[in-house]
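Q: First the structure, then my questions, so here it is.
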Amino acid sequence: MNKSQSSSPAQPPMGPKERALAIKKAQEEALAQLPVDTLYVILYIRSDPPQPNDFHWGYYFHTSPQGGVKHHITNIGGGWISDHGRTRGVFKSNFLCTLVRIATVPKANHSRLDQIMKSRDGDLNAIPGVTCRVWLMTILQTLIQHGIVRCSDVDALQQECMEFGNRYSLGAANNDQPRPVVESRLCV
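Numbering (the UniProt record's numbering), first residue to last: 1 to 188.
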């Protein structure tokens, strides 16, 4: 057998429809692989090309193999508003950068987690220097106080999340799929 017979022919490049189907499949598989009852910090890039340490921050709580709940706040010009809602598409956002796993939440704590996530909705704009990151860190302190997240250094966790975000931001801008899921080394 000569060399040309032993090698397989080169695959033609995927067309847009095939690429879209491949991306959808990769996202669905990534979602199905997330352990149920796990809590994540989610980071989104804000620009293309991405800027270092410049992310939109939120939480994602994976409650079933098909999806979970996204918790974040958004700026509407005159102030911030909360946004809590079920999603089956955490991996579908074009701007998603990475998910950082910070906790496994037993079923007995699900309602408490939901209460804490919504606990600042009424006075959101009274949080000093509020941004999505500041809100997330404020909520994180309460999650730690109630034993839902185990982390002894929130500043180090913030830095760790920034490092993960910076590492994966170019991949997000390039639409690499699926987006990476990493585990915090600081939360047990």
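C-beta: ideal position from N, C-alpha, C; glycine also.
From Val41 to Glu18, what does the alpha carbon distance come to, in whole angstroms?
A: 31 Å
Q: Is Val100 close to chain C, meaning its C-beta is less than 8 Å from at least one C-beta of that chain?
A: Of the protein chains in this structure there is only one, and it is not chain C.
Q: CB Arg150 to CB Thr98, shorter than 8 Å?
A: no
Q: My output table needs one value for Val100: the three-state DSSP class, helix, strand or coil.
A: Correct three-state label for Val100: strand.
Q: How is Asp83 classed by DSSP in three states: helix, strand or coil?
A: strand
Q: According to DSSP, simplified to helix, strand and coil, what is Leu43?
A: strand
Q: In the DSSP assignment, the alpha helix (DSSP H) including Val188 goes from what residue to what residue?
A: Taken as a continuous stretch (DSSP letters only), Val188 belongs to no alpha helix (DSSP H), as it is neither H nor E.
Q: Excluding sequence positions up to five away, which residues of its chain have a Cβ less than 7 Å from the Cβ of Val134?
A: Non-local C-beta neighbours of Val134 in its own chain, meaning closer than 7 Å and more than five positions away in sequence, comprise Ile127, ordered along the chain.
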